[in-house]
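K.L.:
Chains as they are written, first to last, in my numbering: chain A, 276 to 695; chain B, 276 to 695.
Glycine is no exception: its CB is placed at the ideal position from the N, C-alpha and C atoms.
Every value quoted in this text rests on a predicted model; they were computed, and no experiment measured them.
Number of protein chains: 2
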Amino acid sequence: MQAAIIAVGSELLTAFRTDSNSLFITSALNERGITVAFKIIIGDRRDDLARTVRGALERVPLLVLTGGLGPTDDDITREGVADALGLPLEEDEGILQGIRARFRARGMSMPGTNARQPQVIHGAVVLHNPNGTAPGQLVARDGRHVLLLPGPPREMRPMLLEALDKHLATVVPGIGVQRKVLKTAMKSESYIEQQAQPVYSRWAAMTPPIETTVLAAPGQVELHLSMTSASKEEGERILDDAAAELVSVLGDDVFSDDGRSLEQVVGDLLRSRGWKIGTAESCTGGLLTSRLTDVPGSSDYLDAGVVSYANWAKTALVGVDDATIAANGAVSEPVARAMASGVRKRLGADVGVGITGIAGPAGGSDSKPVGTVFVGVSFPGGEVVKKYRFLGGRDLVKGQAAQAALDMVRRALQAGTPAP
Amino acid sequence: MQAAIIAVGSELLTAFRTDSNSLFITSALNERGITVAFKIIIGDRRDDLARTVRGALERVPLLVLTGGLGPTDDDITREGVADALGLPLEEDEGILQGIRARFRARGMSMPGTNARQPQVIHGAVVLHNPNGTAPGQLVARDGRHVLLLPGPPREMRPMLLEALDKHLATVVPGIGVQRKVLKTAMKSESYIEQQAQPVYSRWAAMTPPIETTVLAAPGQVELHLSMTSASKEEGERILDDAAAELVSVLGDDVFSDDGRSLEQVVGDLLRSRGWKIGTAESCTGGLLTSRLTDVPGSSDYLDAGVVSYANWAKTALVGVDDATIAANGAVSEPVARAMASGVRKRLGADVGVGITGIAGPAGGSDSKPVGTVFVGVSFPGGEVVKKYRFLGGRDLVKGQAAQAALDMVRRALQAGTPAP
Numbered sequence: 276m277q278a279a280i281i282a283v284g285s286e287l288l289t290a291f292r293t294d295s296n297s298l299f300i301t302s303a304l305n306e307r308g309i310t311v312a313f314k315i316i317i318g319d320r321r322d323d324l325a326r327t328v329r330g331a332l333e334r335v336p337l338l339v340l341t342g343g344l345g346p347t348d349d350d351i352t353r354e355g356v357a358d359a360l361g362l363p364l365e366e367d368e369g370i371l372q373g374i375r376a377r378f379r380a381r382g383m384s385m386p387g388t389n390a391r392q393p394q395v396i397h398g399a400v401v402l403h404n405p406n407g408t409a410p411g412q413l414v415a416r417d418g419r420h421v422l423l424l425p426g427p428p429r430e431m432r433p434m435l436l437e438a439l440d441k442h443l444a445t446v447v448p449g450i451g452v453q454r455k456v457l458k459t460a461m462k463s464e465s466y467i468e469q470q471a472q473p474v475y476s477r478w479a480a481m482t483p484p485i486e487t488t489v490l491a492a493p494g495q496v497e498l499h500l501s502m503t504s505a506s507k508e509e510g511e512r513i514l515d516d517a518a519a520e521l522v523s524v525l526g527d528d529v530f531s532d533d534g535r536s537l538e539q540v541v542g543d544l545l546r547s548r549g550w551k552i553g554t555a556e557s558c559t560g561g562l563l564t565s566r567l568t569d570v571p572g573s574s575d576y577l578d579a580g581v582v583s584y585a586n587w588a589k590t591a592l593v594g595v596d597d598a599t600i601a602a603n604g605a606v607s608e609p610v611a612r613a614m615a616s617g618v619r620k621r622l623g624a625d626v627g628v629g630i631t632g633i634a635g636p637a638g639g640s641d642s643k644p645v646g647t648v649f650v651g652v653s654f655p656g657g658e659v660v661k662k663y664r665f666l667g668g669r670d671l672v673k674g675q676a677a678q679a680a681l682d683m684v685r686r687a688l689q690a691g692t693p694a695p
Numbered sequence: 276m277q278a279a280i281i282a283v284g285s286e287l288l289t290a291f292r293t294d295s296n297s298l299f300i301t302s303a304l305n306e307r308g309i310t311v312a313f314k315i316i317i318g319d320r321r322d323d324l325a326r327t328v329r330g331a332l333e334r335v336p337l338l339v340l341t342g343g344l345g346p347t348d349d350d351i352t353r354e355g356v357a358d359a360l361g362l363p364l365e366e367d368e369g370i371l372q373g374i375r376a377r378f379r380a381r382g383m384s385m386p387g388t389n390a391r392q393p394q395v396i397h398g399a400v401v402l403h404n405p406n407g408t409a410p411g412q413l414v415a416r417d418g419r420h421v422l423l424l425p426g427p428p429r430e431m432r433p434m435l436l437e438a439l440d441k442h443l444a445t446v447v448p449g450i451g452v453q454r455k456v457l458k459t460a461m462k463s464e465s466y467i468e469q470q471a472q473p474v475y476s477r478w479a480a481m482t483p484p485i486e487t488t489v490l491a492a493p494g495q496v497e498l499h500l501s502m503t504s505a506s507k508e509e510g511e512r513i514l515d516d517a518a519a520e521l522v523s524v525l526g527d528d529v530f531s532d533d534g535r536s537l538e539q540v541v542g543d544l545l546r547s548r549g550w551k552i553g554t555a556e557s558c559t560g561g562l563l564t565s566r567l568t569d570v571p572g573s574s575d576y577l578d579a580g581v582v583s584y585a586n587w588a589k590t591a592l593v594g595v596d597d598a599t600i601a602a603n604g605a606v607s608e609p610v611a612r613a614m615a616s617g618v619r620k621r622l623g624a625d626v627g628v629g630i631t632g633i634a635g636p637a638g639g640s641d642s643k644p645v646g647t648v649f650v651g652v653s654f655p656g657g658e659v660v661k662k663y664r665f666l667g668g669r670d671l672v673k674g675q676a677a678q679a680a681l682d683m684v685r686r687a688l689q690a691g692t693p694a695p
């Protein structure tokens with residue numbers, strides 16, 4: 276079953292705010308086997324809303340609207356939906372008394388503007404609002420359902436769940452959407468796609484089908500699998516098998532199939548070996564160490580790190596030979612290698628990482644353009660140094676360099692290096 | 276003039292992600308006098324997109340689409356818009372060569388999947404993408420315009436501005452929305468609101484009115500002023516006066532009125548004095564140093580930093596006395612003070628910063644709950660140490676602690692400390 280979400284409010288069309296209620300609504304719908312076909316964000320105009328509701332009902336059998344149920348002139352959701360459905364609005368005396376009582380309990384009398392809130396679309400089920408004055412409404416028409424909810428999350432959320440589980444339970448399927456995410460590092464979206472597409476393209480035709488979405492960010496490409504299944508167990512089993520098939524073609528480019536981030540995977544690999552990691556960062560300026568310490572409990576495997584931005588700091592704090600810098604330049608393979616082994620020794624760590632590069636926008640040259648980064652990893656099984664050429668601005672170069680360093684550590688550790 | 280924004284991507288219809296590009300797009304449109312009538316978020320289905328584009332073009336003369344221009348099967352924006360407009364797709368040889376060259380420059384050959392990206396809607400203006408492989412497209416049809424932009428923000432943003440200012444400049448109105456942003460650090464939203472509201476509430480009734488929006492994030496509250504004016508100069512003058520009035524009530528809680536971030540302001544203060552900063556981070560794990568080095572040219576004032584996570588590292592790398600840690604605990608005012616002065620001395624810096632705290636979720640106690648953070652700043656004019664108690668998860672504690680440290684350095688430097 277498919278639904279659409281319509282968020283009503285001109286403030287949601289400014290540059291400063293957008294709809295966020297739809298994330299909670301989507302989650303609640305997904306858990307009940309309903310997928311979201313589209314979302315619309317629209318201003319406080321009655322004719323616009325009426326037209327939008329009519330158009331959306333031609334495409335999906337369930338609409339969830341949030342916002343525009345308040346007392347002021349620009350709250351037009353009741354009127355717009357009534358227009359769209361061709362149904363009249365009627366005053367509900369019970370709601371009116373309830374709002375009056377609510378104000379009275381706070382020692383106030385009901386402002387005249389609130390008199391619009393008891394307007395109910397003919398035939399609607401009224402949804403009680405324990406956290407505010409605007410009641411919700413659920414209208415059925417020709418086998419389709421329109422749910423009107425207030426905008427404030429604390430009012431909207433309980434009413435949504437009540438509507439879904441009490442009033443719509445007989446019309447929504449009882450099955451859920453299962454998901455699984457495979458994460459890969461340091462491969463391009465098109466490369467991953469080329470490997471994975473022959474596998475997952477077959478799944479779309481299966482019964483039930485598995486939907487696959489490819490999500491790419493700099494240095495990380497994720498494959499999101501989802502399916503609707505009769506039972507949670509069956510869905511999990513099918514997705515586990517599907518994920519295993521993808522891993523068989525993607526190999527160790529996949530670093531996680533259980534939601535863990537790259538820094539969590541690296542941390543778990545270090546902890547399982549009882550190893551410590553030490554970092555010497557130049558162009559990443561502390562970002563790698565900050566990501567490593569984003570993980571709760573990272574003090575188990577990280578004691579210290581050094582940001583050696585200036586050349587003297589690479590020598591004094593990390594032990595890189597002056598002559599190595601003079602002969603090769605600070606951004607070079609020998610310096611990255613010396614930073615990794617030097618910081619490993621200086622910090623008494625098992626794994627040492629050195630990063631040196633040109634984050635830009637200045638500092639590049641023909642032979643070493645902006646984005647040139649060398650990463651070294653020194654570990655009990657040996658050492659590895661790689662040269663990268665990252666595209667994008669300063670933040671992207673920093674981000675990809677930190678990601679590359681984490682992935683090099685992961686691969687070195689997963690390659691089965693022996694305990695020291 | 277009105278526009279609509281359509282974000283394409285099934286991942287934007289999950290419970291985990293939603294469209295955020297539309298905020299930047301809205302801002303750019305507003306600045307050029309264009310308002311956003313509605314926004315639609317839609318999945319990767321060609322027929323759905325075609326229908327949506329057709330419906331949207333009946334209501335507004337300008338559509339901005341983001342996403343779905345990648346190389347994979349589920350990137351259907353080119354096809355969907357071509358269907359909606361009844362125009363054929365044609366291969367653009369120049370784009371194909373450009374993508375090939377891009378892969379070649381990185382020592383790779385173009386994967387076959389990228390062959391779909393050079394498909395251009397008949398008659399479209401091709402928008403060059405310096406930050407990725409997917410070109411943008413601008414299609415005109417019956418006096419209406421459809422702009423196709425990629426999803427990744429760093430690719431989308433420059434192409435949007437190019438399209439608006441170069442290719443659409445003759446069709447968009449020349450009157451603009453002027454904006455000014457005041458940024459404050461380490462004060463609560465309600466405190467800033469209480470100070471500022473009596474000032475800005477009068478502006479809404481002015482002719483022309485100034486709109487004020489308060490935006491709060493952990494550790495930072497911003498006041499966004501905007502107005503539509505007949506001329507850029509008049510708008511700027513009115514907003515400058517308005518900003519000055521707000522600064523007169525908010526005082527030095529305002530750190531920026533010109534768009535600069537807190538780390539940029541701190542960097543400029545250091546550079547103008549010819550000073551260097553050195554950092555010793557425990558619970559922030561490198562985040563402060565990473566933020567300082569996010570600023571281009573930060574090597575002018577930052578040579579090095581230390582992440583001293585373990586106690587031995589605080590002693591060995593920063594020079595904190597063992598006895599100070601033993602007597603007070605690692606998370607304490609004396610240790611933050613000793614870290615600040617110690618790292619200043621060890622790194623030969625003019626300003627030293629020490630941060631020690633409990634980021635959580637474990638490690639808290641009754642006397643020092645999770646979120647307890649001490650920040651010390653040692654500088655030529657003296658030293659200051661503050662105790663904080665931050666709320667929220669690990670990432671929020673780290674973020675607020677780095678923000679607090681930056682703001683303490685700013686205040687110390689702005690207080691007019693003499694040059695050394």
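Taking the CB atoms as reference points, tell me whether ILE300 of chain A and VAL335 of chain A lie closer together than 7 Å.
P.N.:
no
K.L.:
Measuring alpha carbon to alpha carbon, tell me which of A:VAL283, A:VAL311, A:MET276 and A:SER285 ends up nearest THR293 of chain B.
P.N.:
A:VAL311
K.L.:
Rounded to a whole number of angstroms, what is the C-alpha to C-alpha distance between LEU500 of chain B and LYS455 of chain B?
P.N.:
5 Å
K.L.:
Using a beta-carbon distance below 7 Å, is ILE600 of chain B in contact with chain A?
P.N.:
For ILE600 of chain B, the answer is no, since every Cβ of chain A falls outside 7 Å of its Cβ.
K.L.:
Tell me, please, which residues DSSP counts as bridged to ARG664 of chain A.
P.N.:
A:THR647
K.L.:
Between PRO346 of chain B and ILE370 of chain B, which are expected to be in contact by the criterion C-beta below 8 Å, what is the C-beta distance as a whole number of angstroms?
P.N.:
In fact, because the Cβ distance is near 12 Å, the residues do not count as touching under 8 Å.
K.L.:
Decide if GLY284 of chain B is buried, meaning its Cβ has at least 16 other Cβ atoms within 10 Å, or exposed.
P.N.:
buried
K.L.:
Does chain A have any CB closer than 7 Å to the CB of LEU288 of chain B?
P.N.:
Yes, LEU288 of chain B counts as interfacial toward chain A.
K.L.:
Write down every uninterrupted run of the alpha helix (DSSP H) in the stretch 459-530 of chain A whose length is 4 residues or greater and which is fully enclosed by it, in chain order.
P.N.:
464-475 and 507-525
K.L.:
Taking only the alpha-carbon atoms, compute the straight-line gap between TRP550 of chain B and ASP625 of chain B and give it to the nearest angstrom.
P.N.:
6 Å
K.L.:
For LYS455 of chain B, which residues does DSSP report across the bridge?
P.N.:
B:LEU500
K.L.:
Looking at the strands, I want to know which residues DSSP matches up with ALA303 of chain B.
P.N.:
For ALA303 of chain B, which the question treats as bridged, DSSP gives no partner whatsoever.
K.L.:
Tell me whether the beta-carbon of THR554 of chain B lies closer than 7 Å to the beta-carbon of VAL628 of chain B.
P.N.:
yes
K.L.:
Can you find a CB in chain B that lies within less than 7 Å of the CB of ASP440 of chain A?
P.N.:
ASP440 of chain A does not count as touching chain B.
K.L.:
Tell me whether the beta-carbon of ILE633 of chain A lies closer than 7 Å to the beta-carbon of VAL652 of chain A.
P.N.:
no
K.L.:
Going along chain B, which residues have a C-beta under 9 Å from ALA312 of chain A?
P.N.:
The answer, in chain order, is LEU288, ILE317, GLY318, ARG320 and ASP323.
K.L.:
What residues in its chain sit with their C-beta under 7 Å from that of VAL401 of chain B, if we drop five residues either side in the sequence?
P.N.:
Excluding its 5 nearest sequence neighbours in each direction, VAL401 of chain B has C-beta neighbours in its own chain below 7 Å: ASP367, ILE370, VAL395, PRO410 and GLN412, listed in chain order.
K.L.:
Along the alpha helix (DSSP H) that carries ASP351 of chain B, what are the first and last residues, could you check?
P.N.:
For the record, residue 351 of chain B in the displayed sequence is Ile; it is not Asp. Neither: ILE351 of chain B is in no alpha helix (DSSP H) and is coded neither H nor E.
K.L.:
Reducing DSSP to helix, strand and coil, say where VAL610 of chain A ends up.
P.N.:
helix
K.L.:
Taking all protein chains shown into account, decide if GLY561 of chain A is buried (16 or more other Cβ within 10 angstroms of its Cβ) or exposed.
P.N.:
By the beta-carbon neighbour count (other beta carbons within 10 angstroms, threshold 16), GLY561 of chain A is buried.
K.L.:
What's the call for GLN689 of chain B, buried or exposed, on a 16-neighbour Cβ count within 10 Å?
P.N.:
That one is exposed.
K.L.:
Note down, in chain order, every chain B residue with its Cβ under 7 Å from the Cβ of GLU658 of chain A.
P.N.:
Near GLU658 of chain A there are no residues of chain B at all, since even the closest Cβ is about 22 Å away, more than 7 Å.
K.L.:
Find the nearest neighbour of SER607 of chain A within the set A:TYR663, A:ARG429 and A:SER565, judged by alpha-carbon distance.
P.N.:
A:TYR663
K.L.:
Contact between the stretch 489-496 of chain B and the stretch 465-474 of chain B: three or more CB pairs below 8 Å?
P.N.:
Enough Cβ pairs lie closer than 8 Å, so yes.
K.L.:
How about the stretch 382-391 of chain B and the stretch 418-433 of chain B: do they share at least three Cβ pairs that are nearer than 8 Å?
P.N.:
no
K.L.:
Less than 7 Å between CB atoms is the rule here; does ASN586 of chain A satisfy it with respect to chain B?
P.N.:
no
K.L.:
For THR482 of chain A, which of A:ILE513, A:GLU497, A:GLU508 and A:LYS507 has the nearest alpha-carbon?
P.N.:
A:ILE513
K.L.:
Go ahead and label GLU508 of chain A buried or exposed: buried means 16 or more other beta carbons lie within 10 angstroms of its beta carbon, across all protein chains shown.
P.N.:
exposed
K.L.:
Mark PHE649 of chain A as exposed unless 16 or more other C-beta atoms lie within 10 angstroms of its C-beta, in which case mark it buried.
P.N.:
PHE649 of chain A should be labelled buried.
K.L.:
Kindly indicate if chain A contains any beta-carbon less than 7 Å away from that of PRO346 of chain B.
P.N.:
Output row for PRO346 of chain B: interface = yes.
K.L.:
Does VAL581 of chain A come within less than 7 Å of chain B when only Cβ atoms are used?
P.N.:
yes
K.L.:
Please report the residue range of the alpha helix (DSSP H) in which LYS589 of chain B lies.
P.N.:
Counting along the chain, the alpha helix (DSSP H) containing LYS589 of chain B begins and ends at 586-593.
K.L.:
Would PHE665 of chain A count as contacting chain B if we go by Cβ distances under 7 Å?
P.N.:
no
K.L.:
Against chain A, does GLY561 of chain B count as a neighbour if the rule is that its beta carbon must be under 7 Å from one of theirs?
P.N.:
yes
K.L.:
Who are the Cβ neighbours of ALA264 of chain B in its own chain at under 8 Å, not counting the five residues just before and after it?
P.N.:
Outside the shown range of chain B (276 to 695) lies residue 264 of chain B, about which nothing can therefore be said.
K.L.:
Give a yes or no on whether the minimum CB-CB distance between ASP741 of chain B and chain A is below 7 Å.
P.N.:
The first residue shown for chain B is 276 and the last is 695, placing residue 741 of chain B beyond what the model contains.
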